[in-house]
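The structure appears right after this line, and notes come after that.
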Amino acid sequence: MARPIQIAPSVLPVDFSKLGEAVVALDQAGVDLIQWDVMDGQFVPNLTFGPDVIASTRSLTTLPFEAHLMVLTPDVMAKRYVEAGCQRLIVHVEACTHLHRTLGNIRELGATAAVALNPSTPPSEVANVLDLVDLVLVMTVNPGFGGQSYISTMEPKIAEVRRMVNAAGLEDSVDVEVDGGISASTVQGAARAGANVLIAGSALFKHAGGLGAAVQELRTLANATR
Ligand code: DX5
276 MARPIQIAPS VLPVDFSKLG EAVVALDQAG VDLIQWDVMD GQFVPNLTFG
326 PDVIASTRSL TTLPFEAHLM VLTPDVMAKR YVEAGCQRLI VHVEACTHLH
376 RTLGNIRELG ATAAVALNPS TPPSEVANVL DLVDLVLVMT VNPGFGGQSY
426 ISTMEPKIAE VRRMVNAAGL EDSVDVEVDG GISASTVQGA ARAGANVLIA
476 GSALFKHAGG LGAAVQELRT LANATR
């Protein structure tokens, strides 16, 4: 059974003085969850949301929060992001010396664990931890900034990750997510390749029809590939 299509925003493009309003608007626009792009200025050349920022919006929606930890030391802050209200923590393979242990620690905190692959990182890097995650994120841009162009050469990699998940008998429990440059013109390529959780920032917040129309457009296009 194919995993359901989910449309989720990155709140990176938001006016940070209006984060709370944006969270409420995203909820009303019909997104399935909210992704917080957490950046430490070390793993990527940008700095964004601490746990207290996320916690300040937690009461504004019942939507699941996931923290995309683009940080060098995810073990150090994982507990704080769970306490802030994130149900899922996504760590980068490239930042984890002991990935298996890090993912296990996240699960012991009561959150679900997920793993992200930068564009140059092969899917084989997650082959031995698929039983510990509920999602694999295939980056379709180099992390750090919104508004970048979709890297279409990631589509065979998306397909390989989906194949690995299915071959491990996890097709009913593990999602494949993509993040970066997802828009009306790229979403079908990613969905056809096997992605079912689609993260978008610019495409949602810059849509002429507003958030609701943008979410619906991406959802319709992605489902049309099924
Ligand atoms: C990169 C960020 C972006 C963001 C989405 O580190 O993770 O991919 O979420 O940005 P857009 O949708 O504008 O490419």
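Going by this note's numbering, 387 is the number at position 112 of the sequence shown; the sequence numbering is gapless. In this text, a Cβ means the ideal position worked out from N, Cα and C, and glycines have one as well.
List the whole-angstrom C-beta distance separating residue 311 from residue 340, where the pair is believed to meet the contact cut-off of C-beta under 8 Å.
Working through the sequence shown from its first residue, we reach residue 311 at position 36. Working through the sequence shown from its first residue, we reach residue 340 at position 65. Indeed, because the Cβ distance is near 6 Å, the residues count as touching under 8 Å.
If the criterion is Cβ atoms closer than 8 Å, does the pair residue 479 and residue 490 meet it?
Locating residue 479 in the sequence shown gives position 204, counting from the first residue. Locating residue 490 in the sequence shown gives position 215, counting from the first residue. Yes; because the gap between Cβ atoms is below 8 Å, this pair is in contact.
Determine, using beta carbons only, whether residue 330 and residue 366 come nearer to each other than 8 Å.
The sequence position of residue 330 within the sequence shown is 55, counting from 1. The sequence position of residue 366 within the sequence shown is 91, counting from 1. No; because the gap between Cβ atoms is not below 8 Å, this pair is not in contact.
Quick one: residues in its chain with C-beta nearer than 8 Å to the C-beta of residue 399, no 5 flanking neighbours on either side, listed in chain order?
Working through the sequence shown from its first residue, we reach residue 399 at position 124. So the list is empty, once near-sequence residues are dropped.
According to the neighbour-count rule (16 or more other Cβ atoms, all chains shown, within 10 Å of its Cβ), is residue 495 buried or exposed?
Numbered from its first residue, the sequence shown carries residue 495 at position 220. It counts as exposed.
Closer than 7 Å: residue 482 CB and nearest ligand 1 heavy atom
Taking the sequence shown and counting its residues from 1, one reaches residue 482 at position 207. For ligand 1, not one heavy atom lies less than 7 Å from the Cβ of residue 482.
Over the uninterrupted alpha helix (DSSP H) stretch that includes residue 301, give me the two end residues.
Locating residue 301 in the sequence shown gives position 26, where the first residue counts as 1. In the DSSP annotation of this structure, the continuous segment of the alpha helix (DSSP H) that includes residue 301 starts and ends at 294–304.
For a quick check, are the C-beta atoms of residue 418 and residue 377 less than 8 Å apart?
Start at 1 with the first residue of the sequence shown, and residue 418 comes out as number 143. Start at 1 with the first residue of the sequence shown, and residue 377 comes out as number 102. For residue 418 and residue 377, no; Cβs fall outside 8 Å.
Hey, could you find the ends of the beta strand (DSSP E) residue 389 is sitting in?
Working through the sequence shown from its first residue, we reach residue 389 at position 114. Looking at the DSSP string, the run of the beta strand (DSSP E) that includes residue 389 is 387–392.
For residue 315, tell me which candidate among 303, 347 and 296 has the shortest Cα-Cα distance.
In the sequence shown, counting from the first residue as 1, residue 315 sits at position 40. Cα-wise, what sits closest to residue 315 is 347.
Does ligand 1 have even one heavy atom less than 7 Å from the beta-carbon of residue 365?
The residue labelled residue 365 in the question sits at position 90 within the sequence shown. No, since every heavy atom of ligand 1 falls outside the 7 Å radius drawn around the Cβ of residue 365.
Please go through the region 425–477 and give each complete beta strand (DSSP E) segment of 3 or more residues, from N-terminal end onward.
The beta strand (DSSP E) runs of length 3 or more contained entirely in the region 425–477 are, from start to end of the chain, 450–454 and 472–475.
My understanding is that residue 387 touches residue 363, with C-beta atoms under 8 Å, so please give their C-beta distance in whole angstroms.
Taking the sequence shown and counting its residues from 1, one reaches residue 387 at position 112. Taking the sequence shown and counting its residues from 1, one reaches residue 363 at position 88. Contact flag correct, Cβ pair sits at about 5 Å.
Is residue 455 near residue 288, with beta carbons less than 8 Å apart?
Locating residue 455 in the sequence shown gives position 180, counting from the first residue. Locating residue 288 in the sequence shown gives position 13, counting from the first residue. No, the pair does not count as a contact, with Cβ atoms beyond the cut-off.
Does the beta carbon of residue 474 fall short of 7 Å from some heavy atom of ligand 1?
Counting from one through the sequence shown, the residue named residue 474 turns up at place 199. At a cut-off of 7 Å, the beta-carbon of residue 474 counts as near ligand 1: some heavy atom of the ligand is closer than that.
Spatial neighbours of residue 416 within its chain, please: CB distance less than 8 Å, with the 5 preceding and 5 following residues excluded, ordered by chain position.
As a working note, residue 416 is residue 141 in the sequence shown. When the five nearest sequence neighbours on each side are left out, the beta carbons in the same chain lying within less than 8 Å of the beta carbon of residue 416 are those of 394, 423, 424, 425, 426, 454, 455 and 456, in order along the chain.
Three-way DSSP call (helix, strand, coil) for residue 288 in this model
Within the sequence shown, numbered from 1, the residue matching residue 288 stands at position 13. Reduced to three states, the DSSP call for residue 288 is coil.
Heavy atom of ligand 1 within 7 Å of residue 486 beta-carbon
By 1-based counting over the sequence shown, the position of residue 486 is 211. Result no, Cβ not under 7 Å from ligand 1.
Roughly how many angstroms separate the alpha carbons of residue 493 and residue 351, rounded to a whole number?
Position 218 of the sequence shown holds residue 493. Position 76 of the sequence shown holds residue 351. If I take the Cα positions, the gap works out to 35 Å.
According to DSSP, residues forming a beta bridge with residue 369
As a first step, residue 369 is located in the sequence shown; it is residue number 94 there, counting from the start. For residue 369, which the question treats as bridged, DSSP gives no partner whatsoever.
Compute every distance between the C-beta of residue 477 and the non-hydrogen atoms of ligand 1, then say whether any falls below 7 Å.
Working through the sequence shown from its first residue, we reach residue 477 at position 202. Residue 477: yes, Cβ under 7 Å from ligand 1.
On the DSSP bridge list, what partners appear for residue 341?
As a position in the sequence shown, residue 341 is number 66, starting the count at 1. As computed with DSSP, residue 341 is found in a beta bridge with 310 and 363.
Burial state of residue 276 (16 or more Cβ within 10 Å)
Stepping through the sequence shown from its first residue, residue 276 is reached at position 1. Answer is exposed; the Cβ neighbour count stays below 16.
Express the C-alpha separation of residue 305 and residue 368 in angstroms, rounding to a whole number.
Along the sequence shown, one-based indexing puts residue 368 at 93. Along the sequence shown, one-based indexing puts residue 305 at 30. In a straight line, the C-alpha of residue 368 is about 31 Å away from that of residue 305.
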